[in-house]
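In the numbering used here, the protein residues as written are 376 to 445.
Note that the Cβ used here is the ideal one computed from N, Cα and C, for glycine as well.
These numbers come from a predicted model, not from an experiment.
Structure, as structure tokens:
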Ligand SMILES: [Zn+2]
């Protein structure tokens, strides 16, 4: 099944978020914080986008994305 552009971006962002959590747990290293600073506006935007992507992915798992099902 091919994924649409929106789903690809959401998967990528959620993947980055998941990797970042893994880095924090395993190496006590926060990649987002390292690049963008601790809770600065850009860092918050990244976290917000990751969160929204997570919601999008959960929704697309439960109820398949209409763009992907064409
Ligand atoms: Zn899709």
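- By the criterion of a C-beta distance shorter than 7 Å, residue 432 is surrounded in its chain by 385, 386, 389, once the five residues flanking it on both sides are discounted.
- Within the same chain, and ignoring the five residues on either side of residue 429 in sequence, the residues whose Cβ sits closer than 6 Å to its Cβ are 389.
- Relative to ligand 1, the nearest heavy atom lies less than 7 Å away from the CB of residue 381.
- Taking residue 407 as the centre and dropping the five residues before and after it, the same chain places the C-beta of 395, 418, 421 closer than 6 Å to its C-beta, in chain order.
- With respect to the 8 Å criterion, residue 439 and residue 379 are not classified as neighbours on the basis of their beta carbons.
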